[in-house]
Every structure is written in C-alpha cells, then in structure tokens.
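Accompanying notes for the structure given below.
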Amino acid sequence: MKSFVSELFDLNGRCALVTGGSRGLGLQMAQALAEMGAKLALVARKADELDEARRSLHERGLQALTFAADLSRREGIAPLVQGVQAALGGVDILINNAGATWGAPAEDYPDEAWDKVMRLNVDAVFALSREVGKRCMIPQGRGSIINIASIAGLRGNPPAMRTIAYNTSKGAVVNFTRALAAEWGRYGIRVNAILPGFFPSRMTAGLLEKMGEQVIQRTPLLRLGGERDLMGAAAFFASDASAHVTGQCLAVDGGASCL
Numbered sequence: 019m020k021s022f023v024s025e026l027f028d029l030n031g032r033c034a035l036v037t038g039g040s041r042g043l044g045l046q047m048a049q050a051l052a053e054m055g056a057k058l059a060l061v062a063r064k065a066d067e068l069d070e071a072r073r074s075l076h077e078r079g080l081q082a083l084t085f086a087a088d089l090s091r092r093e094g095i096a097p098l099v100q101g102v103q104a105a106l107g108g109v110d111i112l113i114n115n116a117g118a119t120w121g122a123p124a125e126d127y128p129d130e131a132w133d134k135v136m137r138l139n140v141d142a143v144f145a146l147s148r149e150v151g152k153r154c155m156i157p158q159g160r161g162s163i164i165n166i167a168s169i170a171g172l173r174g175n176p177p178a179m180r181t182i183a184y185n186t187s188k189g190a191v192v193n194f195t196r197a198l199a200a201e202w203g204r205y206g207i208r209v210n211a212i213l214p215g216f217f218p219s220r221m222t223a224g225l226l227e228k229m230g231e232q233v234i235q236r237t238p239l240l241r242l243g244g245e246r247d248l249m250g251a252a253a254f255f256a257s258d259a260s261a262h263v264t265g266q267c268l269a270v271d272g273g274a275s276c277l
C-alpha cells in the first residue's frame, strides 16, 4: 500500500516532454520523472545523443521516445508538439531545459551570438509553452511547466564571466515563469522554475576549468551540483506534491545565491 506522500509524487499515466533531454541536467531530470512513472519524450538537436540517452535509460529499466529538433527554429515547434501528442496522447509535464550560452565582453558582443542565445533560451521557451498549453494543457485543464533558468538570471557575474546574453535570457525566463503562472492558473496549469547554480556540464566545462575552485569557495555547501541534485526538485514541481505551488523559482545552487 502506497503512503499518501508517495502518491503525491506518483507520475504514472502522465506524459513528460523534456527539451535538452539527451544529456546533462535534462537527462538527469528526465530520469527522475521516468522513475516516478512518467512516459518520456526527449527532445534535442542531435539524434545520436538522443539514441545514447535512450540506451542509458533502457539500462535502468526506463523507456523514452526521442524527437530530434532544433528548437531555435520556431517553425518546427508546432509540428514537434503535434508529433509528441500523437505518440503519447498529450503532454502533462513540460520541462523547458534546452539552452545556449556565449562568452564575450559586452562592448564586443556579436549580434549573432545575442540572437542565438535569445532564440533558444527565451523564444523557444515561449513558443513551446504556448503550443503545449494551447494543444494539451488548457484543453485537459491541468499541467505543469518547469522552466530551467539559472542563478545567473538573478545577478551579475564576477569579472571573468562575460555572458551578458545568457544572464539576460535567464532573467527573462524568471519573469516569464511568474507572468505565465499568473495568467494560466485559471486553467489548472502550474508554472515554476528551477535555477541551477554551477553543475559540471559541456556548457560550464571551460569556465570551471579556469574558476572551479573559486566557484566552490563561493558556495556555502562547498561543492558543485551533482548528478542527482536536480532530481528531487524536478519530481516535486512535476507532481501533485506541488499542487498549490506556482510562479515560484527554486535555486538549486548549494546556497551560492544567498551570498
């Protein structure tokens, strides 16, 4: 017999679409939802990385469908959602995790770099949320959208970190989360955000190679994020455990944003 608390986290019968789900933080969160019973649709740009993610999940006894798509191309987002809806019957949980960054001094920041970051980190989050909301969540009267922002969206950077477009985009995601939560609560749709601190990933590899020890020393828990550290937050926001939580931004950063 399941306990009441375990029932709150049960995702059996629900379908989750996870962008940037082929590796790193996206795959970590996707695994968490699958372990709680959700059916998975993983989206990423590279088909070979999606195949590897599916094999990794299969080795753990978990299943996933995969969809290769470039989310920076807005014209492909509606067909993607239609494909996921046809394969899984709908979308109950959306994790907007795909993202990009680019480092350069603000005074020399290239237009193409700014546009690349904004298209994926902001435009795609809006367009995918709109399509999933309109096609799946509003008609069924429920849903959970989880936006992956960053503590970089709350503040500036140390001088060595020159990622103005990334910080700006993640600040936009923070307020997008609040605005959409306020607008779509009437439909039974919850919209929340997770704000990771520093986790080892392809995106952070170069920076951590240069500044990793400094980052750790500026983190109250004195460590980087680990391979399980987003699992609980994702399961919480995806499930009925957070049924009365919307418009919230949870920093998972070892306390770094407290300083």
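Counting in the numbering used here, the sequence shown runs from 19 upward without gaps. Backbone N, C-alpha and C define an ideal beta-carbon position, used for all residues, glycine too.
- Of the candidates Val23, Ser187, Gly272 and His76, Ser187 places its Cα closest to the Cα of leucine 172.
- Proline 214 has Val270 as its beta-bridge partners, per DSSP.
- Along the length of the segment 223–257, whole alpha helix (DSSP H) runs at least 4 residues long occupy 223–235 and 249–256, reported in chain order.
- Counting along the chain, no alpha helix (DSSP H) covers isoleucine 169, and no H or E run does either.
- With fewer than 16 other CB atoms across the displayed protein chains lying within 10 angstroms of its CB, cysteine 276 is exposed.
- A Cβ-Cβ separation of about 6 Å places proline 218 in contact with leucine 242 under the 8 Å criterion.
- Here the segment 53–66 makes no contact with the segment 129–137; the two share fewer than three CB pairs at distances below 8 Å.
- Looking at the DSSP output, alanine 86 bridges to Ala62.
- Asparagine 114 and isoleucine 166 do touch by the CB rule: their CB atoms are close to 6 Å apart, below 8 Å.
- DSSP, reduced to helix, strand and coil, places valine 36 within a strand of the structure shown.
- CA-to-CA, the gap between phenylalanine 216 and glycine 273 works out to about 11 Å.
- Per the DSSP secondary-structure output, asparagine 114 pairs in a beta bridge with Asn165.
- Pairing isoleucine 95 with isoleucine 164 gives a Cβ-Cβ distance that is not under 9 Å.
- Taking C-beta atoms as the reference points, isoleucine 111 and leucine 29 count as a pair closer than 9 Å.
- Boundaries of the alpha helix (DSSP H) harbouring tryptophan 202: 182–202, taken from the DSSP string.
- Judged by DSSP in its simplified three-state form, arginine 208 adopts strand.
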